[in-house]
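In what follows, a structure is listed as structure tokens, so that the remarks can point back to it.
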Amino acid sequence: MVTWIVVGVIVLVLLTIAMLYNRLVRLRALVREAWSGITVQLRRRADLIPNLVSSVKGYATHERELLEAVTAARAAAGGAKTVGETAQADAALSGMLGRLMVVAEAYPDLKADANFRQLQDELAQTENELAGARRYYNATVRDLNSSVQSFPAVLIAAPLGFKEEESYADTDASIQTAPKVEFG
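Everything in the sequence shown is counted per my numbering, starting at 12 for the first residue and increasing by one.
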């Protein structure tokens, strides 16, 4: 009788370990899938930038510094290796694109250009999809990290190579601080 109890406990422990391991594997796969969603949107945005810069360049020839800064920010974003580096480069590029759109507002002929408007719409759509991809990534990272930290998974996570993943933090200072509002 005692033998059966011991065997039952061992089987129960092994099944628990297997279930925890499979959950961690599934969560890690979801994090990787979510990260690939971000990279797809970042690549899509990076592919739009040369056409956008060319459109603006045709109308705003004296904005050379800004156009070069946008191109440099795009190159920096392409060279990011970690989640943190990618988030920083993404924030810098978003800031440059925002400045580019402000400059475009000063050129009515540019705003009226159908090609520029289409690129602007595609960029806006890409930014929206990128925001959704970031939210999904952060949700999957949160799920994985809470599983890795919780008992009893914490006992098997590190020995089996599971670790906490880095969230995609928004590093844009303009978003993190509240705007100052002054009345009269």
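Virtual Cβ for every residue (Gly too), placed ideally from N, Cα, C.
Minimum Cβ-Cβ distance from residue i to chain B less than 8 Å
i, result
"TYR148", "The chain inventory of the structure shown lacks chain B, comprising one protein chain alone."
Under the three-state DSSP convention, the category residue i falls into
i, result
"MET12", "coil"
"SER105", "helix"
"TYR118", "coil"
"TYR179", "coil"
"LEU171", "coil"
"PHE90", "Residue 90 is actually Gly in this sequence, not Phe. DSSP places GLY90 in coil when its eight states are reduced to three."
Alpha-carbon to alpha-carbon, residue j and residue i
i, j, result
"LEU111", "ARG56", "14 Å"
"ARG153", "VAL17", "36 Å"
"TYR118", "ALA40", "47 Å"
"ALA184", "GLN99", "Caution applies to ALA184, whose pLDDT of 47 falls short of 50 and renders its modelled position unreliable; the value that the coordinates give is listed next. ALA184 and GLN99: Cα-Cα distance of roughly 11 Å."
"VAL81", "ASN62", "12 Å"
"THR27", "ILE60", "50 Å"
"ARG43", "VAL13", "45 Å"
"TYR179", "GLY19", "43 Å"
"LEU166", "LEU134", "45 Å"
"GLN129", "ALA83", "23 Å"
"TRP15", "LEU25", "15 Å"
Unbroken alpha helix (DSSP H) run spanning residue i, endpoints
i, result
"GLU74", "Per DSSP, GLU74 belongs to no alpha helix (DSSP H) and is neither H nor E."
"ASP132", "125 to 160"
"ALA168", "164 to 168"
Cβ neighbour criterion (16 or more within 10 Å) applied to residue i
i, result
"GLU175", "exposed"
"GLU76", "exposed"
"ILE186", "Model confidence at ILE186 stands at a pLDDT of 48, short of 50, so the residue's coordinates are unreliable and nothing is read from them."
"VAL113", "exposed"
"LEU171", "exposed"
"VAL159", "buried"
"LEU31", "buried"
Should the segment 71 to 89 be regarded as contacting the segment 101 to 117, the criterion being three or more beta carbon pairs within less than 8 Å?
yes
Looking at C-beta atoms only, is the number of pairs between the segment 41 to 61 and the segment 138 to 149 that lie closer than 8 Å three or more?
yes
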